[in-house]
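Trainee:
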Amino acid sequence: MEKEDNFGDWYIDIVEKANLSDKRYPIKGMNVWTPYGWKAMSNIDGLIRKELDATGHDEVCFPLMIPETEFKKEKEHIKGFDSEVYWVTHAGLNELDVRLVLRPTSETAMYPMFALWVRSHQDLPLKVYQIVNTFRYETKQTRAFMRVREIHFFESHTCHVSEEDAQRQIEEDVEILSKIAKKLCLPYFLSVRTDWDKFPGAYYTVGIDTVMPNGKTLQIGSIHHYRTNFSEPYGITYENENGEHKHVHQTTYGMSERLLGAIIGAHSDDSGLIMPPDVAPFQAVIIPIISKDNGPIVAEAALALAARLSAYGIRVKLDNRDARPGSKYYDWEIRGVPLRLELGGRDIENGVVTFARRDTGEKGAIELRNIEQGVELLLKIISVSLSEKAEKSQISKVEDMDSLDSIPEGKILRFGWCGCEECGHKFEDTYDLKILGTPYLPEEYSGRCIICGKATDKPTMAARTM
RNA sequence: GGGCCUAUGGGCUAGCCUGGUAUACUUGUGGCUUUGGGAGCCAUUGACUCCGGUUCAAAUCCGGAUAGGCCCA
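Shown next as structure tokens:
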């Protein structure tokens, strides 16, 4: 299966062959996390946890079900989610008086509680997050990790004394994102979403998009500024120094298993996946090369090598299955293990370990004496090299446009837009492309709206989306 | 919301029109020989989505259910 020619089929194929997810569970869009896929996702969760804990967020876990009465308090929010939530209508043999919704996201679960938790300005800022499953009834074609009905979701929610303080939180979120994305070796764009595409109930939304090999964008997360749009209906207020009661200003930050989907798309080739070392369930795999006269010696040396690396903190897998080495190479290549270590009679004699990089195919030898440092260094090099390659690939897919006379295929378009809804809709309807929004980070630009010709100092990007 | 298509071992699939013994490959299991890029031989496990109808007889024909896929709005 060729990656560039038909990304959609390639993706489905690789998810199955690399054993990341089993889609045979009999509910569409609700897939089973297999051990290998779950390990990768857990590693991603771990990276997120680490950054959030370091910035003073506390992990919480709210109930899965939300009463209809709470769910419907914010009017825009319910309008946005009405058609894609699951309802629990019965309990045992009884019909429920108040129906329950399976959370599509947790604003309406958390905010009634926030109203109880926040009383004083000293309780602020409140910064919590949870990593849980959420449910959205997708009617379109589902795809592992990219479009599913049960979503492995990360969401942080914060409350602040003022709009400015909430804005500082958004800046912190952007900072956190850059750290996480670096570990995932993922490039991304930050765009302030159009008014008609922002999160239901938000003041504004920053979309986080990455580009797939077919030139379509994949939204991997979003950051929202709510102002007091939710704190008003939910009555989340605090008492300030002067004894006045004020509504809190809120933000949220959400990402999901799409991060894993993005990694699969960004780092892989026709031989399979390439896992970024910080995400890889196994960072190195040891393949003992046994011949009939040295079996016990090699087996013992391989065990010792695995123990050393593991003690050093490297996630290592010793593959001592009774199979040919070549067959093992293929197995671990398709699963994307970044580094392969071969240990055979020749290596033991020479006091080295033979390595092969998954990303470049480069082979070499590391002195057994310094094996821990050697492996660590190689993993770092692989990580940097993956990031650079992905960054280049993303940049190559952006095309600056002066006119719309001919639309290139498989590209992200960048052009001037006056920002008005009429021009925006006209563009989206005519070209069947989605406007991603204007850059979140300041950017020098002067041009003309590509639709109406009005002068503008902001570019916008548009693309087909996954 | 409207329409079309599909369902056979773990995976992929033949058979269905024209009713009667279910095919190949792959995987799994056991054994022996092997092991520096997908090993070979032998043995072996394993399936007609479900409910009903027609029939001496249903994977096959008919009706319904369920699940999945596609197209249109």
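Following my numbering, the residues of the first sequence are numbered contiguously, the last one being 467. By construction, the Cβ of each residue, glycine as well, lies at the ideal position given by its N, Cα and C atoms. None of the values given here were measured: they were computed from a predicted structure.
1. Taking the straight line between their C-alpha atoms, what separation do you get for Trp-333 and Met-276?
2. Just curious, the alpha helix (DSSP H) that Gln-374 is in, first and last residue?
3. Using the Cα positions of Ala-145 and Glu-350, report the straight-line distance between them to the nearest angstrom.
4. Out of Ile-335, Leu-274, Ser-311, Gly-346, which has the shortest C-alpha to C-alpha gap to Asn-295?
5. With a threshold of 16 other CB atoms inside 10 Å of the CB of Thr-140, please say whether the residue is buried or exposed.
6. Tell me whether Ile-181 sits in a helix, a strand or coil according to DSSP, three-state version.
7. If we ignore side chains and look at the alpha-carbon of each, how far apart do Asn-32 and Glu-151 end up?
8. By Cβ distance, which residues of its chain are closer than 7 Å to Leu-261, with the 5 residues on each side in sequence left out?
9. Would His-248 and Ser-232 qualify as a contact pair, given that the criterion is a beta-carbon distance under 8 Å?
10. For Gln-131, list the residues DSSP reports as bridge partners.
11. Quick check on the DSSP output: the beta strand (DSSP E) that includes Ala-145 runs from which residue to which?
12. Throw me the rounded Cβ distance for the Val-133 and His-158 pair, which I believe falls under 8 Å.
13. Just the Cα atoms here: how many angstroms apart are Glu-445 and Lys-459?
14. Does the beta-carbon distance from His-48 to Lys-184 come in below 8 Å?
15. Once you ignore the five residues that flank Ile-181 on each side, which residues in its own chain have a CB closer than 7 Å to its CB?
16. In three-state terms, what does DSSP make of Glu-334?
17. Can you tell me which of the three DSSP states His-58 falls into?
18. Measuring straight from C-alpha to C-alpha, what distance separates Glu-242 and Tyr-112?
19. To which residues of the same chain is Arg-120 closer than 8 Å at the C-beta, ignoring the five residues directly before and after it?
20. Rounded to whole angstroms, what's the CA-CA distance from Lys-329 to Asp-320? Just pull it up for me.
21. Measuring only the C-alpha atoms, how far is Thr-211 from Ile-298?
22. Have a look at the DSSP bridge pairing and note the partners of Tyr-205.
23. If you compare alpha carbons, which of Gly-273, Lys-199, Val-280 is closest to Lys-435?
24. For Gly-337, count the other beta carbons within 10 Å of its own beta carbon; 16 or more makes it buried, fewer makes it exposed. Which is it?
25. Count the other CB atoms, across all protein chains shown, that sit within 10 Å of the CB of Lys-398; report buried if there are 16 or more and exposed otherwise.
26. Within 10 Å of its beta-carbon, does Ala-167 have 16 or more other beta-carbons around it, so buried, or fewer, so exposed?
27. Assign Glu-350 to one of three DSSP states: helix, strand, or coil.
28. Need the endpoints of the beta strand (DSSP E) that Ser-311 sits in, please.
29. Measuring straight from C-alpha to C-alpha, what distance separates Val-61 and Phe-115?
30. Is there contact here, the region 72-87 with the region 213-225, by at least three beta-carbon pairs under 8 Å?
31. Expressed to the nearest angstrom, what Euclidean distance is found between the alpha-carbon atoms of Arg-322 and Ile-290?
32. Output the distance between the C-alpha atoms of Trp-118 and Gly-454, rounded to the nearest integer angstrom.
33. Could you pull the start and end residues of the alpha helix (DSSP H) that Leu-261 belongs to?
34. Whole angstroms is fine: what's the gap from Val-99's alpha carbon to Thr-70's?
35. What is the residue span of the alpha helix (DSSP H) that Met-462 lies within?
36. Distance check for Ala-305 and Ile-265, CA to CA, integer angstroms please.
Mentor: If we stick to the structure as given:
1. Going by the C-alpha atoms only, they are around 11 Å apart.
2. Here the alpha helix (DSSP H) through Gln-374 covers 372-397.
3. Near 46 Å, if we compare the C-alpha coordinates of Glu-350 and Ala-145.
4. For the residues Ile-335, Leu-274, Ser-311, Gly-346, the minimum Cα distance to Asn-295 belongs to Gly-346.
5. Exposed, because fewer than 16 other Cβ atoms sit within 10 Å of the Cβ of Thr-140.
6. In the three-state reduction of the DSSP assignment, Ile-181 falls in the helix class.
7. Distance between the alpha carbons of Asn-32 and Glu-151 is about 8 Å.
8. Same-chain partners within the cutoff: Ala-41, Met-42, Ile-45, Phe-146.
9. In this structure, Ser-232 lies closer than 8 Å to His-248 by Cβ.
10. Assignment of beta-bridge partners to Gln-131 by DSSP yields Glu-156.
11. Neither: Ala-145 is in no beta strand (DSSP E) and is coded neither H nor E.
12. Taking the Cβ atoms as the reference, Val-133 lies roughly 12 Å from His-158, outside the contact range of under 8 Å.
13. Rounded to whole angstroms, Glu-445 and Lys-459 show a C-alpha spacing of 8 Å.
14. The sequence shown places Leu at residue 48, not His. Yes, the pair counts as a contact, with Cβ atoms nearer than the cut-off.
15. Cβ within range, chain order: Leu-48, Ile-49, Glu-52.
16. Annotated three-state conformation of Glu-334 is helix, per DSSP.
17. In the structure shown, His-58 sits in coil (DSSP, three-state: anything other than H, G, I, E or B).
18. Answer to the nearest angstrom: the Cα atoms are 23 Å apart.
19. Residues of the same chain with a CB within less than 8 Å of the CB of Arg-120, apart from the 5 flanking positions on each side, are Tyr-239, Glu-240 in chain order.
20. Taking the straight line joining both Cα atoms gives about 8 Å.
21. Cα-Cα distance, rounded: 48 Å.
22. Residue pairing by DSSP places Tyr-205 opposite His-226 in a beta bridge.
23. Of the candidates Gly-273, Lys-199, Val-280, the one whose C-alpha sits nearest the C-alpha of Lys-435 is Lys-199.
24. With 16 or more Cβ atoms within 10 Å of its Cβ, Gly-337 is classed as buried.
25. Buried, since its Cβ has 16 or more Cβ neighbours within 10 Å.
26. Residue environment analysis places Ala-167 among the buried positions, since at least 16 neighbouring C-beta atoms fall within 10 angstroms of its C-beta.
27. Note: Glu-350 maps to helix in three-state DSSP.
28. Segment 296-312 is the alpha helix (DSSP H) holding Ser-311; no beta strand (DSSP E) there.
29. Rounded to whole angstroms, Val-61 and Phe-115 show a C-alpha spacing of 12 Å.
30. No contact exists between the region 72-87 and the region 213-225.
31. A straight line joining the alpha-carbon of Arg-322 with that of Ile-290 spans about 11 Å.
32. Note on geometry: alpha-carbon atoms of Trp-118 and Gly-454 lie some 51 Å from one another.
33. Run containing Leu-261: 259-267, per the alpha helix (DSSP H) assignment.
34. One C-alpha to the other measures close to 7 Å.
35. Per DSSP, Met-462 lies in no alpha helix (DSSP H); the unbroken beta strand (DSSP E) holding it starts and ends at 460-464.
36. For Ile-265 and Ala-305, the distance between alpha carbons rounds to 32 Å.
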